[in-house]
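Mapped onto our numbering, the consecutive letters of the sequence shown carry residue numbers 81 to 432.
For every residue, glycine included, the Cβ atom is placed at its ideal position computed from N, Cα and C.
Just below is one structure, and these are the notes that go with it.
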Amino acid sequence: MCFNSKDSSMSDDISQRITALRRELGSSLAILGHHYQSDDVIQHVDFQGDSLELARRIPGLDARYIVFCGVSFMAETAALLAKPEQTVLIPDSKAHCCMAGTAPDRRVAAVLKRITAAGRKVIPLAYVNSSVGVKALCGRYGGSVCTSANAAIMLKWAMEQGDCVLFLPDKNLGMNTADLLGIPNQDQAVLNVREESAWNEDILARRLLFWPGVCAIHFRLKPEDVLLVLEDKPRPLVFVHPECDPAVVALADVSGSTSGIIRAVREAPSGATIYIGTEDNLVLRLARLHQDKHIYPLGAGYCSAMLKITEQKLLDTLENPDRHESVRVDPEVAPDARKALETMLAVMEGTK
Ligand code: 13P
Ligand code: SF4
Numbered sequence: 081m082c083f084n085s086k087d088s089s090m091s092d093d094i095s096q097r098i099t100a101l102r103r104e105l106g107s108s109l110a111i112l113g114h115h116y117q118s119d120d121v122i123q124h125v126d127f128q129g130d131s132l133e134l135a136r137r138i139p140g141l142d143a144r145y146i147v148f149c150g151v152s153f154m155a156e157t158a159a160l161l162a163k164p165e166q167t168v169l170i171p172d173s174k175a176h177c178c179m180a181g182t183a184p185d186r187r188v189a190a191v192l193k194r195i196t197a198a199g200r201k202v203i204p205l206a207y208v209n210s211s212v213g214v215k216a217l218c219g220r221y222g223g224s225v226c227t228s229a230n231a232a233i234m235l236k237w238a239m240e241q242g243d244c245v246l247f248l249p250d251k252n253l254g255m256n257t258a259d260l261l262g263i264p265n266q267d268q269a270v271l272n273v274r275e276e277s278a279w280n281e282d283i284l285a286r287r288l289l290f291w292p293g294v295c296a297i298h299f300r301l302k303p304e305d306v307l308l309v310l311e312d313k314p315r316p317l318v319f320v321h322p323e324c325d326p327a328v329v330a331l332a333d334v335s336g337s338t339s340g341i342i343r344a345v346r347e348a349p350s351g352a353t354i355y356i357g358t359e360d361n362l363v364l365r366l367a368r369l370h371q372d373k374h375i376y377p378l379g380a381g382y383c384s385a386m387l388k389i390t391e392q393k394l395l396d397t398l399e400n401p402d403r404h405e406s407v408r409v410d411p412e413v414a415p416d417a418r419k420a421l422e423t424m425l426a427v428m429e430g431t432k
């Protein structure tokens with residue numbers, strides 16, 4: 081972010097006040113931040129990570145206040161996994177991931193009912209980018225959740241639990257993961273969730289059904305964008321997030337979670353030119369951190385939900401954590417949603 085001198089002194093002031101409050105609150109405070117947060121915010125976090133790493137941190141935290149700098153489904157996941165005496169806060173409760181919004185829980189419940197009525201033992205597997213209500217349905221139907229870092233492990237697990245998996249809401253992550261596992265195309269189908277009458281027997285007999293959601297940021301990237309940069313000489317490297325279209329992933333050298341992309345950049349040879357297809361806060365940070373490499377965004381842009389978390393809002397949260405509205409999950413659905421998340425953590429524990 082670029083500041084003029086007045087903005088810059090204001091920002092320094094905010095920064096110093098946050099630093100002082102962190103010192104004052106000491107071990108009663110833990111600040112977590114997703115890789116897509118701006119540098120202004122990320123400089124203040126105790127733990128930075130992808131959505132899996134951040135979720136795994138929660139059960140081990142003893143802080144009274146957990147401040148989550150990320151989008152609301154991540155803060156809700158933290159609230160589900162935190163101890164009852166801990167308070168989870170998010171600097172802006174309106175930071176909603178648009179992909180999570182593509183799977184309203186009532187619609188998901190109706191779809192699961194319809195698949196069950198067709199005689200299938202359906203196991204729902206929700207990407208963590210989903211509402212608590214959807215996670216609760218996963219818990220209720222014996223399913224679980226996954227992140228982009230463990231989707232292959234969790235999809236393999238889910239396919240062993242029933243005779244059909246409903247993967248939601250991100251069809252791209254679902255299809256890219258199915259490709260990794262070598263699941264044949266004829267076993268897969270993207271559901272038209274608005275028109276159940278469009279489902280014939282053939283669709284309902286598939287082993288893997290996808291909800292038709294996408295991330296508006298990663299959806300912007302098209303195969304032509306990759307083909308264009310691949311014309312450069314010498315040929316550059318292309319790293320993308322698995323929320324991208326399968327045709328984009330097929331052209332890339334690496335497809336990985338945000339932490340997977342960070343690792344791939346670290347391991348790339350000095351002097352390499354790398355185009356990265358994911359959110360720009362992360363891409364531009366990597367470019368600054370690895371000046372021995374030439375790193376460029378492929379053009380996904382910024383996630384407006386992540387941008388809602390600002391340094392000023394973080395300061396407001398820390399100035400009065402007891403007055404700031406805490407992240408609450410509906411007690412009706414919390415136990416089943418927690419079960420789905422704990423199943424994921426247990427499956428991951430078993431793979432160590
Ligand atoms: P990661 O799980 O890779 O951190 O990604 C989360 C996300 O929202 C990507 O758009
Ligand atoms: Fe959601 Fe896409 Fe933003 Fe990730 S980048 S939080 S999937 S809108």
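Within 10 Å of its beta-carbon, does residue i have 16 or more other beta-carbons around it, so buried, or fewer, so exposed?
i, result
"residue 257", "buried"
"residue 82", "Bear in mind that the predicted position of residue 82 carries a pLDDT of just 43, short of 50, making it unreliable; the figure below should be weighed with that in mind. Exposed is the call here."
"residue 321", "buried"
"residue 107", "exposed"
"residue 100", "exposed"
"residue 359", "buried"
"residue 311", "exposed"
"residue 430", "exposed"
"residue 391", "buried"
"residue 315", "exposed"
"residue 171", "buried"
"residue 335", "buried"
"residue 307", "exposed"
"residue 235", "buried"
"residue 156", "buried"
"residue 411", "exposed"
"residue 365", "buried"
"residue 127", "exposed"
"residue 93", "exposed"
"residue 152", "buried"
"residue 271", "buried"
"residue 90", "exposed"
"residue 261", "exposed"
"residue 337", "buried"
"residue 130", "buried"
"residue 199", "exposed"
"residue 243", "exposed"
"residue 206", "buried"
"residue 426", "exposed"
Among the options, which has the Cα closest to the Cα of residue i?
i, options, result
"residue 297", "252, 279, 277", "252"
"residue 240", "230, 287, 389, 215", "287"
"residue 332", "355, 130, 347, 351", "355"
"residue 197", "163, 350, 279", "279"
"residue 175", "205, 232, 211", "211"
"residue 119", "362, 335, 182", "362"
"residue 424", "324, 393, 132", "132"
"residue 230", "244, 208, 245, 242", "208"
"residue 201", "233, 289, 117", "289"
"residue 110", "422, 319, 398, 426", "398"
"residue 319", "247, 357, 203, 396", "357"
"residue 102", "400, 408, 421, 221", "400"
"residue 166", "150, 260, 143, 345", "143"
"residue 145", "294, 178, 386, 403", "403"
"residue 177", "368, 428, 154, 95", "154"
"residue 123", "96, 248, 134", "96"
"residue 370", "205, 389, 381, 350", "350"
"residue 113", "169, 148, 104", "148"
"residue 250", "394, 323, 263", "323"
"residue 346", "368, 255, 406", "368"
"residue 326", "300, 348, 313, 317", "300"
"residue 405", "273, 173, 254", "173"
For ligand 1, which residues count as neighbours when the test is a C-beta closer than 5 Å to any heavy atom? 130, 131, 227, 228, 337, 338
Sufficient close CB pairs (3 or more, under 8 Å) joining the stretch 267 to 277 to the stretch 337 to 353: no
Specify which residues have a beta carbon nearer than 7 Å to any heavy atom of ligand 2, listing them in chain order. 116, 151, 177, 178, 179, 180, 209, 295, 296, 297, 298, 323, 359, 383, 385, 386
In chain order, each beta strand (DSSP E) run of at least 3 residues that lies wholly inside the stretch 214 to 282: You should have 224 to 226, 244 to 248, 268 to 270.
Under 8 Å: do the stretch 210 to 217 and the stretch 406 to 417 share three or more Cβ pairs, one atom per stretch? Enough Cβ pairs lie closer than 8 Å, so yes.
Three-pair Cβ contact test at 8 Å for the stretch 135 to 146 versus the stretch 155 to 166: yes
Decide if the stretch 185 to 200 is in contact with the stretch 225 to 236; the criterion is three or more beta carbon pairs, one per stretch, under 8 Å apart. no
Evaluate contact between the stretch 366 to 378 and the stretch 177 to 188, counting only Cβ atoms and requiring at least three cross-stretch pairs below 8 Å. Segments in contact, no.
Run through the stretch 323 to 348 for me and flag every whole alpha helix (DSSP H) of 4 or more residues, listed as ranges in chain order. 326 to 331, 338 to 347
Inside the stretch 82 to 151 only - beta strand (DSSP E) runs reaching at least 3 residues: 109 to 114, 127 to 129, 145 to 149
Could you pull out every unbroken alpha helix (DSSP H) segment of at least 4 residues lying fully inside the stretch 149 to 199, listed in chain order? 152 to 161, 185 to 197
Report the residue ranges of all beta strand (DSSP E) runs contained in full by the stretch 361 to 413; include only those spanning at least 3 residues, in chain order. 374 to 377
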